[in-house]
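Going by my numbering, the sequence shown opens with residue 32, and the numbers climb by one from there.
Virtual Cβ for every residue (Gly too), placed ideally from N, Cα, C.
I have placed the structure first, in the form of structure tokens, so that the comments after it can refer back to it.
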Amino acid sequence: PLPWRQPRLRVWDARGQAVQQQTLAQGAMEAQVDLTDFPPGLYLIALQAEGRVWQTEKVVRVGE
32 PLPWRQPRLR VWDARGQAVQ QQTLAQGAME AQVDLTDFPP GLYLIALQAE GRVWQTEKVV
92 RVGE
């Protein structure tokens, strides 16, 4: 479980523009990020809590 208060997931596109944000429930074990409505490209997803970035992931959304 996440011990932090108000953990958040944030998503940025390749230009560095924030495109999505969601607050996670305290104690959440997992989260889903839906990029279905976003154009193909590179996205950075970050888990933030207590003023720090705890984890980042790069995701490539390909066209259909």
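Original post:
With a CB to CB cut of under 7 Å and the five nearest residues on each side skipped, what residues in its chain are close to V91?
Top reply: To locate residue 91, count along the sequence shown from 1; it is residue 60. Hits under 7 Å: L73.
Original post:
D65 bridges to which residues according to DSSP?
Top reply: To locate residue 65, count along the sequence shown from 1; it is residue 34. None, per the DSSP bridge assignment.
Original post:
By DSSP, does R46 sit in helix, in strand, or in coil?
Top reply: Locating residue 46 in the sequence shown gives position 15, where the first residue counts as 1. If DSSP states are grouped into helix, strand and coil, R46 belongs with coil.
**OP:** Output yes or no for whether 8 Å exceeds the beta carbon distance between I76 and E95.
**Re:** Numbered from 1 along the sequence shown, position 45 holds the residue referred to as residue 76. Numbered from 1 along the sequence shown, position 64 holds the residue referred to as residue 95. Not closer than 8 Å, so no.
Original post:
Hey, would you say Q48 sits closer than 8 Å to R41, going by beta carbons?
Top reply: Looking up residue 48 in the sequence shown gives position 17. Looking up residue 41 in the sequence shown gives position 10. No, the pair does not count as a contact, with Cβ atoms beyond the cut-off.
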